Amino acid sequence: MTVTINHILFDCDNTLVLSEHLAFEACCGLINEILAQHNVSVQFTPQELISEFVGMNFRGMVVALQKKYGFPIPEDELTRLVREEEDRVIAKLSAMVEPCVGVNEVLDKLYKEKQYGLAVVSSSAERRVRASLVKAGQDAYFPENHIFSAATSLPTPTSKPDPAVYTFACKVIGKQPEQCVAVEDSKSGTLSAVRAGIPVVGYVGSYEPERQEEMTKVLQEAGAKIVMRDWKEFEGILDRM
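Residue numbers (full-length UniProt numbering): 1 to 241.
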């Protein structure tokens, strides 16, 4: 029996909006401050953070660094740091974020045709996601209660590649995983959706041209069924899913 896909779950950062570089610029200083305070001599540039942690939220980054370098941060202090990073990033995104090339036209067509339900499923905090959507002119396309965050929507905060946020989103919108398709730009995001049983369309158009072939392979190896470089390809891809 063929299952009809009728809901599209979009990642946010570098899938809907060109936000990763802005967000990593905003959080890099805080990451380096944390490392210095715990006598870790390593310091990151924004690009190095992107290379190592793309697709992860700030909490996930800090937890990974704690494990790697062996320093403790109490939960209440981690919560405070997460909020501080969120404030820094939101200020930057609210001023500067732009939509990924061509995606607003796709969203507008999908919204008007009403063939698919639309939702956002992100690792980033909901406040940050909403700020990005508003600045990029995308907020009207998504129902108020169909914006999901691994950092703030779940009883226990987590980050992709944990599938929890996708599983939670499917439960809230009342769909089985196989009735949905996820659109993801990162390995961690692709793994998150695949582990939740959701077919994935990869998107590499937000990467530099010289990295798109490499990232296509990364997303395919993570389980993406199809990978696109341009949002103009999306309508045809949906017909083939």
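Glycine residues also receive a C-beta, built at the ideal position from the N, C-alpha and C atoms. Since the model is a prediction, treat every value here as computed from it, not as a measurement.
Helix, strand or coil: how does DSSP classify residue i here?
{"i": "S94", "result": "helix"}
{"i": "M228", "result": "strand"}
{"i": "A136", "result": "coil"}
{"i": "V204", "result": "coil"}
{"i": "A182", "result": "strand"}
{"i": "I147", "result": "strand"}
{"i": "I8", "result": "strand"}
{"i": "D162", "result": "coil"}
{"i": "V17", "result": "strand"}
{"i": "L154", "result": "coil"}
{"i": "K217", "result": "helix"}
{"i": "Q176", "result": "coil"}
{"i": "V40", "result": "coil"}
{"i": "V54", "result": "coil"}
{"i": "V194", "result": "helix"}
{"i": "P209", "result": "helix"}
{"i": "P199", "result": "coil"}
{"i": "F168", "result": "helix"}
For residue i, which residues in the same chain have their Cβ closer than 6 Å to its Cβ, ignoring the five residues on either side in sequence?
{"i": "E25", "result": "P46"}
{"i": "A182", "result": "L9, A193, I198, V200"}
{"i": "Q212", "result": "V204, R229"}
{"i": "G60", "result": "S159"}
Take residue i and list the residues in its own chain whose beta-carbon comes closer than 7 Å to its own, dropping the five residues that flank it on each side.
{"i": "K232", "result": "G102"}
{"i": "M96", "result": "L22"}
{"i": "I73", "result": "V62, Q66"}
{"i": "E20", "result": "D13, N14, I50, V54"}
{"i": "E87", "result": "The amino acid occupying residue 87 in the given sequence is Asp; Glu does not appear at that position. There are no such residues."}
{"i": "Y141", "result": "L107, Y111, L118"}
{"i": "M215", "result": "V204, Y207"}
Do residue i and residue j have their C-beta atoms closer together than 8 Å?
{"i": "L30", "j": "L81", "result": "yes"}
{"i": "A150", "j": "S159", "result": "yes"}
{"i": "S153", "j": "E126", "result": "yes"}
{"i": "S206", "j": "V54", "result": "no"}
{"i": "H7", "j": "Q179", "result": "yes"}
{"i": "A224", "j": "T190", "result": "yes"}
{"i": "V227", "j": "L219", "result": "yes"}
{"i": "N57", "j": "S132", "result": "no"}
{"i": "C27", "j": "E77", "result": "no"}
{"i": "V40", "j": "Y69", "result": "yes"}
{"i": "P161", "j": "S188", "result": "yes"}
Is any heavy atom of the ligand ATP found at a distance shorter than 7 Å from the C-beta of residue i?
{"i": "L93", "result": "Absence of the ligand ATP is noted for the structure shown, with no ligands found whatsoever."}
Closer than 8 Å by C-beta to residue i: which residues in its own chain qualify, once you throw out the five before and the five after it? Chain order, please.
{"i": "N104", "result": "A136, G137, Q138"}
{"i": "P99", "result": "L16, V17, L18, A136, G137, Q138"}
{"i": "V129", "result": "C12, V120, S122, I147, S149"}
Counting only beta-carbon separations shorter than 8 Å, does residue i have a partner in chain E?
{"i": "N57", "result": "Protein chain content of the structure displayed is limited to a single chain, and chain E is not contained in it."}
Contiguous alpha helix (DSSP H) assignments of at least 4 residues, all confined to the region 58–93
58–69
Going along the chain, which unbroken runs of the alpha helix (DSSP H) with 4 or more residues stay wholly within the region 97–137?
103–113, 126–135
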